[in-house]
Amino acid sequence: MADFSPGCHALDHYRVNMGYNMPVKRIAALALLLVTAACAAPVEGRPVAAPITTKAASGEVVRWMNNFCGIANYMIASGGVQVDQPPADPAAAKKAISDALGRVVDVLNVAVHDLEELTPAPVTAADAAVEVVVEPLSKARDKFVLAKSTVDGATEMTTDVFSSVMQNMTEAVSVMNEAVEKMSVVTLPDEFKDAATQAENCRK
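Be aware that the sequence shown starts at 42, since it is given in the numbering used here, and climbs by one per residue.
Below is the structure:
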């Protein structure tokens, strides 16, 4: 039987230097940026004063914003997905890592599906905010799926297997970093910002 300890050490190194739960925390950061883009009404180049009055947005837009923020809330609530120190038994460790990756994939599957359901938006301009997030989340999900498939398809958890898994996870985090940068310049139309103050999920 192959020595499992090199793989465990590789995982420990990843957890210490990058944090195994970093990918899902990054999702939470994306979700927070989504809500910020919807609710903070940023104006490039100068501070934004709080509005004195808020227009009543249409019911359709309020429902859209409520669903939009609901997805963000779901991702934030799922931010605790992580894997603890793998068990000493190779088979148990393999299952623990596969299960943890599976939970991340499940979160991303739900988020991507629900975001795609938001298009077309009541106002076409809002579709861009969804597209900016869906693309990187889909790519990240695919990387996690590949990582899980690598674990599930391995007969033993060797160092090479761990290296492949960590490579896919690192690439997933990189994709999400790019998404955070893109989200920093994305805003929603004014009607959607007004709707955010009326949508229950956006006030949570």
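Just so you know, even glycine gets a beta-carbon here, dropped at the ideal spot from N, CA and C.
**Prompt:** Buried or exposed: where does Asp235 fall if 16 or more other Cβ atoms within 10 Å of its Cβ makes it buried?
**Reply:** The residue labelled residue 235 in the question sits at position 194 within the sequence shown. Around the Cβ of Asp235, a 10 Å sphere holds 16 or more other Cβ atoms; the residue is buried.
**Request:** Between the Cα of Pro131 and those of Pro177, Val103, Thr200 and Ser119, spot the shortest distance and give me the residue it belongs to.
**Result:** In the sequence shown, the residue the question calls residue 131 occupies position 90. Ranking Pro177, Val103, Thr200 and Ser119 by Cα distance to Pro131 puts Thr200 first.
**Message:** Going by C-alpha to C-alpha distance, which of Thr238, Gln239, Pro230 and Glu241 sits closest to Pro163?
**Reply:** Sequence index remark: in the sequence shown, residue 163 carries index 122 (1-based). Of Thr238, Gln239, Pro230 and Glu241, the residue nearest in Cα terms is Pro230.
**Asked** Measuring CA to CA, which of Lys245, Cys243 and Met116 is closest to Val174?
**Response** Here the question's residue 174 lines up with position 133 in the sequence shown. Comparing Cα positions, the closest option is Met116.
**Request:** Classify Ala133 as buried or exposed, calling it buried when 16 or more other Cβ atoms lie within 10 Å of its own Cβ.
**Result:** For this step, residue 133 is matched to residue 92 along the sequence shown. Under the 10 Å beta carbon count, Ala133 is surrounded by fewer than 16 other beta carbons and is classified as exposed.
**Prompt:** Who are the Cβ neighbours of Ser139 in its own chain at under 8 Å, not counting the five residues just before and after it?
**Reply:** Counted from its first residue, the sequence shown places residue 139 at position 98. Excluding positions up to five away in sequence, the list reads Lys189, Val192 and Asp193.
**Asked** Nearest to Ser179 by alpha carbon, out of Val202, Val206, Thr165 and Glu219?
**Response** Start at 1 with the first residue of the sequence shown, and residue 179 comes out as number 138. Nearest of Val202, Val206, Thr165 and Glu219 to Ser179, Cα basis: Glu219.
**From Glu101, Glu241 and Cys110, residue whose alpha carbon lies closest to that of Ala170** = What you label residue 170 is simply residue 129 of the sequence shown in a count that begins at 1. Taking only the C-alpha atoms, the option nearest Ala170 is Cys110.
**Request:** Answer with buried or exposed for Glu26, where buried requires no fewer than 16 other C-beta atoms within 10 angstroms of its C-beta.
**Result:** Residue 26 cannot be examined here, being either before or after the span of the chain that is shown, 42 to 245.
**Reference Arg144, options Ser119, Ala129 and Asp168, closest by Cα** = Counting from 1 along the sequence shown, the entry for residue 144 is found at position 103. Of all alpha-carbon atoms in Ser119, Ala129 and Asp168, the one lying nearest the alpha-carbon of Arg144 is that of Ser119.
**Asked** Going by alpha carbons, who is nearest to Asn209 out of Thr196, Glu232 and Arg182?
**Response** The count along the sequence shown starts at 1 and reaches residue 209 at position 168. Each of Thr196, Glu232 and Arg182 was checked against the Cα of Asn209, and the nearest Cα belongs to Arg182.
**Asked** Can you tell me whether DSSP reads Leu149 as helix, strand or coil?
**Response** In the sequence shown, residue 149 corresponds to position 108, counting from 1. The answer is helix: DSSP assigns Leu149 an H, G or I state.
**Request:** Output the boundary residues of the alpha helix (DSSP H) element that contains Val186.
**Result:** Locating residue 186 in the sequence shown gives position 145, where the first residue counts as 1. First-last of the alpha helix (DSSP H) with Val186: Asp168 to Gly194.
**Item:** Proximity below 8 Å, CB of Phe251 to CB of Leu142
**Value:** Since the first residue of the chain shown is 42 and the last is 245, residue 251 is not available in this structure.
**Asked** Along the chain, where does the alpha helix (DSSP H) that runs through Val227 open and close?
**Response** Position 186 of the sequence shown, counting from 1, holds the residue named residue 227. Segment: none, Val227 is in no alpha helix (DSSP H) and carries neither H nor E.
**Neighbour-count burial assignment, Pro177, 16 or more Cβ in a 10 Å radius** = Locating residue 177 in the sequence shown gives position 136, counting from the first residue. Burial state of Pro177 is buried, judged by a 10 Å Cβ sphere holding 16 or more other Cβ atoms.
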